[in-house]
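First the structure, in the form of C-alpha cells, and then the observations on it.
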Amino acid sequence: MEVVDTKEKWTNRIRTVTIGATAEEGGTRANSVTVGGETTLPLLTFEGEIPHRPVIAGQIADVVPDGWPQILKEAVGDVINSPAEWAQKLVEEDHVDLISLKLIGADPAGAARSSAEAAETVKAVLDAVKVPLIFWGCDDEETDNALLLECSAAARGERCLIGSATETNYRTLGAIGTADKHKVIAEAPVDINIGKQVNILLQDAGFSLDDVVMCQTTAALGYGFDYVYTIFERVRIAGLKGDELMALPQIANVGWEVWKVKEALQDDDILPGWGKLEDRGPLWETTTATGYLQAGADILTLAHPRSIAAVRQAIDDLMAS
Amino acid sequence: MIFIGERINTGFKDIKQGVTDKDPAPLVHWATKQAEAGAGFLDVNLGAVSADPADMCWMIETVQGAVETPICIDTNKPTILAEAIKVTRPGMLINSTTAAPEKLDVMMPIAAEHGACIIGLVMDESGTPKSVDKRVENAGMIVAKAMECGMEPDRVFLDPIVMPLKYMQDQCKMILEAVRQFQLFSDPPPNTVCGLSNISNGTTQKSLIDRTFLVMAINNGMSSAICDVMDTELVNAALTAELMMDKQIYADAYVRK
Numbered sequence: 450m451e452v453v454d455t456k457e458k459w460t461n462r463i464r465t466v467t468i469g470a471t472a473e474e475g476g477t478r479a480n481s482v483t484v485g486g487e488t489t490l491p492l493l494t495f496e497g498e499i500p501h502r503p504v505i506a507g508q509i510a511d512v513v514p515d516g517w518p519q520i521l522k523e524a525v526g527d528v529i530n531s532p533a534e535w536a537q538k539l540v541e542e543d544h545v546d547l548i549s550l551k552l553i554g555a556d557p558a559g560a561a562r563s564s565a566e567a568a569e570t571v572k573a574v575l576d577a578v579k580v581p582l583i584f585w586g587c588d589d590e591e592t593d594n595a596l597l598l599e600c601s602a603a604a605r606g607e608r609c610l611i612g613s614a615t616e617t618n619y620r621t622l623g624a625i626g627t628a629d630k631h632k633v634i635a636e637a638p639v640d641i642n643i644g645k646q647v648n649i650l651l652q653d654a655g656f657s658l659d660d661v662v663m664c665q666t667t668a669a670l671g672y673g674f675d676y677v678y679t680i681f682e683r684v685r686i687a688g689l690k691g692d693e694l695m696a697l698p699q700i701a702n703v704g705w706e707v708w709k710v711k712e713a714l715q716d717d718d719i720l721p722g723w724g725k726l727e728d729r730g731p732l733w734e735t736t737t738a739t740g741y742l743q744a745g746a747d748i749l750t751l752a753h754p755r756s757i758a759a760v761r762q763a764i765d766d767l768m769a770s
Numbered sequence: 136m137i138f139i140g141e142r143i144n145t146g147f148k149d150i151k152q153g154v155t156d157k158d159p160a161p162l163v164h165w166a167t168k169q170a171e172a173g174a175g176f177l178d179v180n181l182g183a184v185s186a187d188p189a190d191m192c193w194m195i196e197t198v199q200g201a202v203e204t205p206i207c208i209d210t211n212k213p214t215i216l217a218e219a220i221k222v223t224r225p226g227m228l229i230n231s232t233t234a235a236p237e238k239l240d241v242m243m244p245i246a247a248e249h250g251a252c253i254i255g256l257v258m259d260e261s262g263t264p265k266s267v268d269k270r271v272e273n274a275g276m277i278v279a280k281a282m283e284c285g286m287e288p289d290r291v292f293l294d295p296i297v298m299p300l301k302y303m304q305d306q307c308k309m310i311l312e313a314v315r316q317f318q319l320f321s322d323p324p325p326n327t328v329c330g331l332s333n334i335s336n337g338t339t340q341k342s343l344i345d346r347t348f349l350v351m352a353i354n355n356g357m358s359s360a361i362c363d364v365m366d367t368e369l370v371n372a373a374l375t376a377e378l379m380m381d382k383q384i385y386a387d388a389y390v391r392k
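These protein sequences, in sequence, are chains A and B. Note that the working numbering gives residue 593 to position 144 of the first sequence, counting from 1, and the numbers run on in steps of one. Note that the working numbering gives residue 180 to position 45 of the second sequence, counting from 1, and the numbers run on in steps of one.
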C-alpha cells in the first residue's frame, strides 16, 4: 500500500535577520550570526528548509543579578563581577554563538548607574569578545529610552540586537536602530495581538521588519510556559502561511527568566523530595529552552554552562536528522 | 488577501497616452501608488492599443524599474506572453488561460516552465458557463492540467468569472457557490481571483457593490482580487472579513490608512 505523503506545503518563508557586523560590514565582529529563513515548522528538516540552525546567546549582566542562586553564581565563577570577562568565559569555554547583556545596573530602584556607565560596559564587552552582541535595557521605560540611545551610539555599526521595542517606545527604538545600524527586538506581553501590533507600529514608523526579532515575553516552565509556547507556534504558522507581519525570527529570553522561579532557586531543604538544586536548576533552564526550541525559537538565551551544553546537544541531535 | 492592482491598463486614458507616447510617467505613478497601497501584484494590460509585443515589454520594464512588486502579465495572446515573460522578473502571475484545450495546452506549459502562477478563467470554447456545475467542471480541467505540468494547485488562481449584478442578478450566488466548491480541489486549495469591478458594471453604487461582493466572496474562500487597491474602504473591508474567517491574526492597527 502506498504511504500517503502528509508533508505540509507552506507558502511563505520566515525573514532572515543577521546580527553582528564584521570588518567588511563596518563593525569589528569576527563573524555574524544569521537567524530565520525557515520554510517549515521548527526542526522538521524533512519538510522544508531550515537554512540557519537555532543559536544560543550566553546570558550576562552589568551587575550581579539579584536573587540568582549560589549554584548559578558558582558555575559562572568570579567573572560574574566583570561583564567583559564573563562574556569571554562564555565564548571561550561554553562556545556560545552570541552574548546577551542585560543592563540592569541602570535600574533606578537598584544600582542606578548612569547611561554613560552602561555604554562603557557595552563597549568593554564588544572589545572583549568578537561574537555578535544582544543588549537589553533595565525594564524601566524612562531610563531605557536614554540608556539604549547612549549604548546604541557606543556600539554604532556593530549591528547589535537591541531589546526591546514595545507599544509605547517603538519610535525611539526604531529611530536608534536606524541611526546606528542595529537590529531591534519587538516585545509583547504574552499577547499575540499586541505582538502583531508592535510590528505594524515599527513598520509604520519606517523601521524595516527585516531588522526585527520578535519576543513574546518569556515564561519559565510552570509559570505560563504553555501560553508563550502557543504564541510562538501561532506566530510561526501565521508567518509560514503568508502573514508577512508575523514572518519574523523569534527569541526566547530563557536565561533571564528561569532563574527567578522557586524550582530554579530553592534547594531540597525547602523543597524536600524535589532533588538537589545543583541538578534541578540547570534542568529547569534546559527543559524550558528545549520547549521553546520546538515551538519556534531562533535565539535562546541561557545562563548556566550546563544548560548551554545540554541545549546545544539537543540542537545538534534534532538538526542532525 | 492578495490584491492585484488593476490600474496599469490602457483602458485608462493616462496609461493609453503613456504607452502611445512612450512616456513612463503615468505608469511609474500608478506602479508606485499601488505598491504603497499594498498590492501583491501589479496587473499590466496592453489592451487593444497595440499588437506589438515590444510595447508590452516596455510597459513591464517601466513598472519593474519603479517598484519591486511582481507583475501580473495581462494578455490573452500567446505571442505577446512569450515575449513579455522573458523580461518579467520571477514570481509573476499570468493573466490568463481558459479551460479550452487549445488555450490550456499552450498557456499552462509556459507557466510551468517559468515558475509562474496563472489565472484560470473557468470558461471553455462554448463560452462563459451559467451554472455552478459547469464552472466547477472547467476549474477541474484547469487544475488537472496544472498538476499534469508538475505545478502545485495553489499556483493556479481560479476565476469564476464575475457577471454584472445589474444585468445578470441570478449569477451572483452561483459564482459564490462555485468559489466555495473550488476550495475542495486540494489542500491547500487553489487560489481564487476575480475581476471585481465586473460585479458593479453599469451601476451607480460601484464601491459599495464591489466591497459587499468581495466580503461575501472571502466568506466562501476567495483569496485574491483584481481591483482598485487605492480604495481603502474596500481593502479594509476585505482585511476585516479575513479576520472574521481567522485567516489573519488581529492587531489594533490592522486597517490601512
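The beta carbon of each residue, even a glycine, is placed where N, CA and C say it ideally should be. Bear in mind that the values here come from a model prediction, so they are computed numbers and not experimental data.
Q: Assign residue 517/A to one of two classes, buried (16 or more other C-beta atoms within 10 Å of its C-beta) or exposed (fewer than that).
A: Flag for residue 517/A reads buried.
Q: State buried or exposed for residue 646/A, treating a residue as buried only when at least 16 other CB atoms are found within 10 Å of its CB.
A: By the neighbour-count definition (other C-beta atoms within 10 Å, threshold 16), residue 646/A is a buried residue.
Q | With 16 other Cβ atoms within 10 Å as the buried cut-off, status of residue 136/B | A | Buried is the call here.
Q | Outcome for residue 455/A when other beta-carbon atoms lying within 10 angstroms are tallied against a minimum of 16 | A | Residue 455/A should be labelled exposed.
Q. Helix, strand or coil for residue 137/B per DSSP?
A. The answer is strand: DSSP assigns residue 137/B an E or B state.
Q: Identify the contact partners of residue 642/A in chain B, using a Cβ-Cβ distance below 8 Å as the criterion.
A: Within chain B, the residues near residue 642/A are 384, 385, 386 and 387.
Q.
Taking CB distances under 9 Å as the criterion, tell me whether residue 695/A reaches chain B.
A. Chain B contact via Cβ: present.
Q) Which residues of chain B have a Cβ atom closer than 8 Å to the Cβ of residue 687/A, listed in chain order? A) Taking the beta carbon of residue 687/A as reference, the chain B residues within 8 Å of it are 383 and 384, listed in sequence order.
(Q) Using only CA atoms, which one of 519/A, 461/A and 471/A lies nearest to residue 727/A? (A) Looking at the Cα atoms, 519/A is the closest of the given residues.
Q: Can you tell me the Cβ-Cβ gap for residue 642/A and residue 385/B, rounded? I've got them flagged as a contact below 8 Å.
A: Confirmed, Cβ separation roughly 5 Å.
Q: State the beta-bridge partners of residue 751/A as determined by DSSP.
A: 507/A.
(Q) Measuring straight from C-alpha to C-alpha, what distance separates residue 377/B and residue 597/A? (A) Approximately 38 Å, taken between the alpha carbons.
Q) Closest by CA to residue 628/A, which one among 609/A, 638/A and 615/A? A) Of the candidates 609/A, 638/A and 615/A, the one whose C-alpha sits nearest the C-alpha of residue 628/A is 609/A.
**Q.** Any chain B beta carbon closer than 9 Å to residue 648/A
**A.** So, interface residue.
(Q) Using only the alpha-carbon positions, how far apart do residue 572/A and residue 682/A sit? (A) Computed Cα separation, rounded: 36 Å.
Q.
So for residue 180/B, helix, strand or coil by DSSP?
A. The answer is strand: DSSP assigns residue 180/B an E or B state.
Q) Ordered along the chain, which non-local residues of its own chain (more than five positions away) have a Cβ less than 7 Å from that of residue 259/B? A) Excluding sequence neighbours, residue 259/B sits near 233, 234, 235 and 273.
Q. Looking at the structure shown, is residue 360/B part of a helix, part of a strand, or coil, going by DSSP?
A. Reduced to three states, the DSSP call for residue 360/B is strand.
**Q.** the segment 488 to 506 of chain A touching the segment 651 to 669 of chain A, judged by at least three CB pairs closer than 8 Å
**A.** Contact fails: fewer than three Cβ-Cβ distances are below 8 Å.
Q: Could you please give me the residues that DSSP links to residue 303/B through a beta bridge?
A: Per DSSP, residue 303/B has no beta bridge partner at all.
Q. What are the uninterrupted segments assigned as beta strand (DSSP E) that are 3 or more residues long and contained completely in the segment 678 to 725 of chain A, given in chain order?
A. Here the runs fully enclosed are 699 to 701.
Q. Counting only beta-carbon atoms, is residue 692/A nearer than 9 Å to chain B?
A. Answer yes: the Cβ-Cβ gap between residue 692/A and chain B drops below 9 Å somewhere.
Q) Is the shortest distance between the beta-carbon of residue 464/A and the beta-carbons of chain B less than 9 Å? A) Chain B, which has no Cβ nearer than 9 Å to the Cβ of residue 464/A, makes this no.
Q: Give a yes or no on whether 9 Å exceeds the smallest Cβ distance from residue 456/A to chain B.
A: Not a single C-beta of chain B is nearer than 9 Å to the C-beta of residue 456/A.
(Q) For a quick check, are the C-beta atoms of residue 463/A and residue 488/A less than 9 Å apart? (A) Against a cut-off of 9 Å, the Cβ pair of residue 488/A and residue 463/A comes out as a contact.
Q. Helix, strand or coil for residue 297/B per DSSP?
A. Looking at residue 297/B - three-state DSSP - the assignment turns out to be coil, as it is neither helix nor strand.
Q.
Using the three-state DSSP reduction, which class does residue 614/A fall into: helix, strand or coil?
A. Three-state result, residue 614/A: strand.
**Q.** With 16 other Cβ atoms within 10 Å as the buried cut-off, status of residue 155/B
**A.** With fewer than 16 other Cβ atoms from the protein chains shown falling within 10 Å of its own Cβ, residue 155/B counts as exposed.
Q: Name, going along the chain, the residues of the segment 286 to 300 of chain B whose beta-carbon falls closer than 8 Å to a beta-carbon of chain A.
A: Contact annotation: in the segment 286 to 300 of chain B, residues whose CB is within less than 8 Å of a CB in chain A are 287 and 289.
Q.
Determine, for residue 659/A, whether the minimum Cβ-Cβ distance to residues of chain B falls below 9 Å.
A. Output row for residue 659/A: interface = no.
Q: With distances taken Cα to Cα, identify the nearest neighbour of residue 752/A among 709/A, 768/A, 705/A and 711/A.
A: Check the Cα spacing between residue 752/A and each of 709/A, 768/A, 705/A and 711/A: the tightest is with 705/A.
Q. Opposite residue 467/A in the DSSP bridges: which residues?
A. Residue 467/A pairs with 483/A.
Q: Taking the CB atoms as reference points, tell me whether residue 298/B and residue 263/B lie closer together than 9 Å.
A: In this structure, residue 263/B lies closer than 9 Å to residue 298/B by Cβ.
Q. In whole angstroms, what is the alpha-carbon distance linking residue 478/A and residue 581/A?
A. Going by the C-alpha atoms only, they are around 6 Å apart.
Q: Pick out the complete beta strand (DSSP E) segments inside the segment 506 to 567 of chain A, 3 residues or longer, and give them in chain order.
A: Under the rule that a run must span 3 or more residues, the beta strand (DSSP E) segments found entirely inside the segment 506 to 567 of chain A read 547 to 551.
Q: Determine, using beta carbons only, whether residue 617/A comes closer than 9 Å to chain B.
A: Answer no: the Cβ-Cβ gap between residue 617/A and chain B never drops below 9 Å.
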